[in-house]
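Student: Numbering (this note's numbering), first residue to last: 127 to 462.
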């Protein structure tokens, strides 16, 4: 099911881009691309249909991350003309009805609706006309742009964010800062940047930041990847969403035995008895990214012992102090 989930997002994202995103920028949808991706998506949904004929959810009888991470794409997909791909498969439709009624999905859907309505209202007033010096009407957008308060990090905030990222990535921080962005319609690659919005720090492509200026701050829900929060005291705390940025660039890693994964995903520390592998030269206090033995990122924390100390540690000794894990997506689904 993990392999099928990866195959779901590729065609689903491509279809939504053709049907929803392209028309927003005056680009015609490519019907051949849609047809090709729909064929791929259909094969994945056939696997889901067979699986869901036996179980209520993809991973069994309980709602899990396997179901949760389908919600963002499906919320949009169910509003397109291709919705029949879901409705013609009774078990897939029943599964979607079940997960779409959960608080996390409803909250995301409501926020999306508010954003779309706000965009419509602002577009209606974006080019407010006023008399010019020549006596003709001109388009005035200054009133609109002034309401937007998303901003770059200041020097103190940048230092706090980079110090925390460096703790987990070391010299690989350069890869995060210099990673090229291929989002948007520009032919040349852009760059990623850090932006502060409502005390949350986002890692986002420049092209997306430019488009986000068309949305007033009160109605801007999110953009890019939220990697953490800045407290009133100026401290920066990484959140679980940052795992997608940390995992590919992690300097220090540990791998958990399959029998210890669930304990960590319930918020517990990593014990020596559950340790499968560990990278060399870890020192106490270093940032550590936690993986399964199949290299799936599970979360991150802070090393309690060095690599050398772990070799002679008691099985019940703590190796990594827990900070965040992907189980938090379920435990805190109403807050994320």
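Backbone N, C-alpha and C define an ideal beta-carbon position, used for all residues, glycine too.
Values in this document were obtained by computation on a predicted structure and should not be read as measured data.
#1: Which partner residues does residue 423 have in the DSSP bridge list?
#2: Candidates 284, 407 and 297: which alpha carbon is nearest residue 328's?
#3: Does the beta-carbon distance from residue 449 to residue 422 come in below 9 Å?
#4: By how many angstroms is the C-alpha of residue 315 removed from the C-alpha of residue 334?
#5: Along the chain, where does the beta strand (DSSP E) that runs through residue 214 open and close?
#6: Leaving out five residues on either side along the sequence, give the residues of the same chain with a beta carbon under 6 Å from the beta carbon of residue 115.
#7: Quick one, which of 169, 146, 155 and 163 has its alpha-carbon nearest residue 201's?
#8: Note down, in chain order, each residue of its chain lying with its Cβ closer than 7 Å to the Cβ of residue 297, except the 5 sequence neighbours on either side.
#9: Which first and last residues belong to the alpha helix (DSSP H) in which residue 373 is found?
#10: Rounded to whole angstroms, what's the CA-CA distance from residue 391 to residue 362? Just pull it up for me.
#11: With residue 295 as the anchor, note down where its alpha helix (DSSP H) starts and where it stops.
#12: Could you work out which residue in 401, 416 and 365 is closest to residue 454 when comparing CA atoms only?
#13: Answer yes or no: do residue 294 and residue 377 have a C-beta to C-beta separation smaller than 9 Å?
#14: Check whether the Cβ atoms of residue 171 and residue 141 lie closer than 9 Å to each other.
Tutor: According to the data block:
#1: Partner(s): 417.
#2: Of the candidates 284, 407 and 297, the one whose C-alpha sits nearest the C-alpha of residue 328 is 284.
#3: Not closer than 9 Å, so no.
#4: Each residue's Cα considered, the two are about 13 Å apart.
#5: Counting along the chain, no beta strand (DSSP E) covers residue 214, and no H or E run does either.
#6: Nothing in the structure corresponds to residue 115, since the chain is present only between 127 and 462.
#7: The shortest Cα separation from residue 201 among 169, 146, 155 and 163 belongs to 146.
#8: Answer for residue 297: no residue qualifies.
#9: The continuous stretches of alpha helix (DSSP H) do not include residue 373, and DSSP gives it neither H nor E.
#10: Approximately 23 Å between the Cα atoms of the pair.
#11: Residue 295 -> alpha helix (DSSP H) spans 281-295.
#12: Closest option to residue 454, Cα to Cα, is 365.
#13: A contact, by the Cβ cut-off of 9 Å.
#14: It is not a contact, given that the beta carbons lie outside the stated cut-off.
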